[in-house]
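Asker:
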Amino acid sequence: MAIKRFYLILFVFLIFLLIGITAKRNTSSDKNPPPFDFITKLKGYQKGNNTKEVHDLKAYLERFGYLNKNEATNGDFDDALESAIKTYQKNFHIKPSGVIDDDTISKMRAPRCGVADIVNGTNYMQPRNKNHLPRPTSIHTVSHFSFFRGEPRWPPAKNHLTYRFSSDFAADLVARAFQRWESDTHFSFSRVGNNQEADIVIEFKQGYHGDGSPFDGPYGILAHSFAPTDGRLHFDADENWSAADIPSADAIHLESVAVHEIGHLLGLGHSAIEEAIMYPTIGSGEVKTNLQEDDIQGIAYLYNYQN
Ligand SMILES: [Zn+2]
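Just so you know, we're using the numbering used here here: the sequence shown kicks off at 24 and counts up by one.
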């Protein structure tokens, strides 16, 4: 009996030890700095400054399309990195100095969409001559909307899209985001059951999920989605998502991010206009749910409403 009791006590002790370790691990991971905070260590860095952190910066710029894989393998602050930083600075309306200044740090630290700004060398955030295409020429203002490579879009006859969730989490907020696009475009949307076939599939995912876009815990990358007619939209499950009309300063407004991601699902890329829904970053506590002229013109252009 005594031996049995000893094993029982040992077992209970081990369980408590395990709970203690798990709790400690959770606490320490909560205190991890946001994923893009490494950039603050590089303040004032420029060509010639080679350190370990420079490698992190290269990985960041590769992630969003500013460097290719071969250019991002070492920790050298080389010509390729300087050029990539200048391009980044131009896209975000920062003086293109190639130096990691305060404005660059502030922008690179901001939570953002996981979709790249540059794909296969095409910088989608810079204005391009759109007149060479047989499209309406009624756009006189400088537009910054952009599309994915090859301008994929939903077929002309398909103006009603169905969507489904993998769980009911935040379904009403995402539904409101769809309504924003419904008001200003030719699209209409309806939700179908979680197990039914749908054009658009919305999931909250944690960590790396094998399709080239790692989620990274709170802040950093918030969500990403795929060009037509793929239909996948993934939110980072680890964010401090807010459903409030006015989120707290440390929370991410879910509806705002959903409106942005739906723009990708319809075929829009990123815009360099800060007010536009399709601008790549959003601050914590920020609300941005109203489509702007740039977003609306982008859809009108892509789907050629005149025809
Ligand atoms: Zn995006």
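No residue lacks a Cβ here, since even glycine has one placed at the ideal position from N, Cα and C.
Following a CB-centred definition, is methionine 301 positioned closer than 8 Å to any heavy atom of ligand 1?
Answerer: Taking 8 Å as the cut-off, the C-beta of methionine 301 counts as close to a heavy atom of ligand 1.
Asker: Which value, in whole angstroms, describes the spacing of the CA atoms of phenylalanine 170 and glycine 67?
Answerer: 34 Å
Asker: Does the distance from the CB of histidine 116 to the CB of glutamate 297 come in under 9 Å?
Answerer: yes
Asker: Does the Cβ of histidine 293 lie closer than 8 Å to at least one heavy atom of ligand 1?
Answerer: At least one heavy atom of ligand 1 falls within 8 Å of the beta-carbon of histidine 293.
Asker: Using a Cβ-Cβ cutoff of less than 7 Å, which residues in the same chain neighbour aspartate 126 once the five nearest sequence positions on both sides are dropped?
Answerer: Within the same chain, aspartate 126 has close Cβ partners Ile117.
Asker: With a 10 Å radius around its C-beta and 16 neighbouring C-beta atoms as the bar for buried, classify glycine 286 as buried or exposed.
Answerer: buried
Asker: What beta strand (DSSP E) runs, 3 residues minimum, are completely inside the stretch 221–297?
Answerer: 223–228, 244–248, 255–259
Asker: Under 8 Å: does the beta carbon of glycine 286 sit that close to some heavy atom of ligand 1?
Answerer: yes
Asker: For the alpha helix (DSSP H) that serine 106 lies in, which residues bound it at each end?
Answerer: The continuous alpha helix (DSSP H) containing serine 106 extends over residues 102–114.
Asker: Is it true that the stretch 174–190 meets the stretch 245–265, where meeting means three or more beta-carbon pairs spaced less than 8 Å apart?
Answerer: yes
Asker: Would you say glycine 137 touches ligand 1, meaning its beta carbon is less than 8 Å from a heavy atom?
Answerer: yes
Asker: Starting from histidine 183, follow its DSSP beta bridges and name the residues at the other end.
Answerer: Ser211
Asker: For the alpha helix (DSSP H) holding phenylalanine 139, just list the boundary residues, first then last.
Answerer: In the sequence under discussion, the amino acid at residue 139 is alanine, which differs from the phenylalanine named in the question. No alpha helix (DSSP H) holds alanine 139; DSSP gives it neither H nor E.
Asker: In or out: threonine 45 buried (at least 16 other Cβ within 10 Å) or exposed?
Answerer: Bear in mind that a pLDDT of 42 at threonine 45, under 50, signals an unreliable position, so the model cannot answer this.
Asker: Taking all protein chains shown into account, do 16 or more other C-beta atoms lie within 10 angstroms of the C-beta of arginine 203, making it buried, or fewer, making it exposed?
Answerer: buried
Asker: If I measure Cβ to Cβ from asparagine 263 and keep anything under 7 Å in the same chain, skipping five residues before and after, which residues do I get?
Answerer: Correct list, in chain order: Pro241, Asp273, Ala274, Ile275.
Asker: I want to check one thing, is the minimum distance from the CB of histidine 209 to the heavy atoms of ligand 1 below 8 Å?
Answerer: no
Asker: With distances taken between CB atoms, is the gap from aspartate 207 to glycine 254 smaller than 9 Å?
Answerer: Not closer than 9 Å, so no.
Asker: Inspect the beta-carbon positions of lysine 64 and threonine 304 and report whether they are closer than 9 Å.
Answerer: no
Asker: Spatial neighbours of methionine 148 within its chain, please: CB distance less than 6 Å, with the 5 preceding and 5 following residues excluded, ordered by chain position.
Answerer: Asn114, Asp140, His293, Ala295
Asker: Are there any heavy atoms of ligand 1 lying less than 8 Å away from the beta-carbon of histidine 247, as far as the coordinates show?
Answerer: yes
Asker: Do you know offhand how far histidine 209's Cα is from asparagine 182's?
Answerer: 6 Å
Asker: Would DSSP call threonine 63 helix, strand or coil?
Answerer: helix
Asker: Excluding the 5 residues flanking alanine 299 on each side, which residues of the same chain have their C-beta closer than 6 Å to its C-beta?
Answerer: Gln315, Asp317, Asp318
Asker: What number of angstroms, rounded off, separates the C-alpha of glutamate 205 from the C-alpha of valine 282?
Answerer: 11 Å
Asker: Contact defined as beta carbons within less than 8 Å: I believe aspartate 102 pairs with valine 77. What is the distance between those atoms, to the nearest angstrom?
Answerer: Between valine 77 and aspartate 102 the Cβ distance is about 13 Å, and since that is not below 8 Å, they are no contact.
Asker: Could you tell me if the beta carbon of histidine 78 falls within a distance shorter than 8 Å of some heavy atom in ligand 1?
Answerer: For ligand 1, not one heavy atom lies less than 8 Å from the Cβ of histidine 78.
Asker: Using CA coordinates, which residue listed in Asp79, Ser189, Asn73, Phe192 is at the minimum distance from arginine 132?
Answerer: Asp79
Asker: Can you give me the start and stop residues for the alpha helix (DSSP H) that histidine 78 sits inside?
Answerer: 75–86
Asker: On the DSSP letters alone, give me the boundaries of the alpha helix (DSSP H) that serine 129 sits inside.
Answerer: 125–132
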